[in-house]
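Student: Dropping the structure in here first, questions after.
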Amino acid sequence: MTSPVLLVVAHGSRDPRHAATVHALTARVRALRPGLRVETGFLDFNAPSVPRVLERLAAEGTDEVVALPLLLTRAFHAKSDIPAVLREARAGLPRLRVRQAEVLGPSPLLNAALERRLHEAGVRPGDRGSTGLVLASAGSTDPEAIAVIAEIARELRHTGWCSVRPAFASASLPRTGDAVRALRAEGVRRVAVAPYVIAPGRLPDRIAAGAAEAGAEVLAGVLGPSPELARLLLDRYDESLVPAARPASIGA
């Protein structure tokens with residue numbers, strides 16, 4: 643029996659680094675599970691679009707697709723935007739079964755990817771006790787998404803950092819630079835900024851600018867095609883296929 647196709651649903655960006663990072667991540671997923679067909683579709687700016695990918699798969703005779711949002715929190719895109727796109731595309735494809743998997747976060751694997759990027763940026767385990775951490779996300783107007791970022795910051799505080807503060811590149815406060823300055827006001831002498839975002843683009847650039855403007859000593863890279871993130875995509879795919887955990891099929 644053929645496994646359902648994994649369709650990774652990315653937001654898309656005018657910044658070419660975004661699509662390049664998404665494709666590098668999906669390539670890593672394919673390498674982890676060679677027998678699984680993995681496709682990529684974008685909501686905006688980049689091709690192929692999600693509807694075009696679904697149309698192509700249906701034309702090829704695919705029976706079932708798992709649409710996995712490449713998102714770290716459940717906000718507008720996961721709750722409204724992606725379900726609407728999938729329903730509309732599915733309406734004209736009656737033989738194609740499409741189910742939406744859960745978003746990626748929160749997850750210990752995301753925290754591990756974050757730690758990997760901080761280590762690569764020069765933070766060593768022995769540095770944590772004297773280093774404050776800014777967990778910088780893209781931002782959202784959705785209270786659930788904001789609460790998730792705040793909870794992750796609290797969890798990280800218990801892993802040895804002297805202080806951890808959340809920050810947001812848009813929609814919410816504080817901004818990255820303000821969070822860095824707040825840590826300084828607490829007496830923290832060394833500050834690391836960790837972007838809690840998947841791919842480069844306008845908002846990650848805003849995070850980096852805020853870190854530089856406020857004088858943070860360390861700026862980690864985006865999560866990108868890390869092995870932890872690739873494993874997490876497969877975990878969410880597998881979870882969507884467990885009968886007890888299956889969400890309702892889109893358009894069913």
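The opening residue of the sequence shown carries number 643 in the working numbering; numbering runs sequentially from there. All residues carry an ideal CB built from backbone N, CA and C; glycine is no exception.
Quick one: grab the DSSP three-state call for V664.
Tutor: Three-state result, V664: helix.
Student: Anyone know if the C-beta pair for V745 and A872 falls short of 7 Å?
Tutor: Going by C-beta atoms, V745 is not nearer than 7 Å to A872.
Student: Report buried or exposed for H761, applying the criterion of at least 16 other Cβ atoms within 10 angstroms of its Cβ.
Tutor: So H761 ends up on the exposed side.
Student: What's the C-alpha gap between R716 and P869?
Tutor: Their backbone Cα atoms lie some 22 Å apart in a straight line.
Student: Can you tell me whether G774 sits near the ligand SAM, meaning its C-beta is under 6 Å from at least one heavy atom of the ligand?
Tutor: As far as ligands go, the structure on display features none, and thus does not contain the ligand SAM.
Student: By the three-class DSSP mapping on this structure, what secondary structure does G771 have?
Tutor: Three-state result, G771: helix.
Student: Which same chain residues end up closer than 6 Å to G677 when comparing Cβ atoms and leaving out the 5 residues on each side of it in sequence?
Tutor: Excluding residues within five positions, none has a Cβ falling inside 6 Å.
Student: Using the Cα positions of L883 and E828, report the straight-line distance between them to the nearest angstrom.
Tutor: So the two alpha carbons sit approximately 47 Å from each other.
Student: Considering only their Cβ atoms, is the gap separating V839 from V776 smaller than 7 Å?
Tutor: Not closer than 7 Å, so no.
Student: Which term fits T704, buried or exposed, when burial requires 16 or more other beta carbons within 10 angstroms of its beta carbon?
Tutor: Buried, because 16 or more other Cβ atoms sit within 10 Å of the Cβ of T704.
Student: Is it the case that the Cβ atoms of A780 and L674 are separated by a distance below 7 Å?
Tutor: Result no, Cβ atoms of A780 and L674 do not sit closer than 7 Å.
Student: Between the C-alpha atoms of S749 and G802, what's the straight-line distance to the nearest angstrom?
Tutor: Straight-line Cα distance between these residues: approximately 19 Å.
Student: Give the single residue among V650, L728, R831 whose Cα lies nearest to the Cα of C804.
Tutor: Among V650, L728, R831, the Cα nearest to that of C804 is on R831.
Student: So V839 is in the beta strand (DSSP E); what residue range does that whole segment cover?
Tutor: First-last for V839: undefined, no H or E at that position.
Student: Where does F718 land, buried or exposed, given buried means 16+ other C-beta within 10 angstroms?
Tutor: The residue in question, F718, is exposed, as its Cβ has fewer than 16 Cβ neighbours within 10 Å.
Student: Buried or exposed, going by whether 16 or more other CB atoms sit within 10 Å of the CB of S772?
Tutor: Exposed is the call here.
Student: Should P658 go down as buried or exposed, given a rule of 16 or more other Cβ atoms within 10 Å for buried?
Tutor: P658 is exposed by the Cβ-count criterion.
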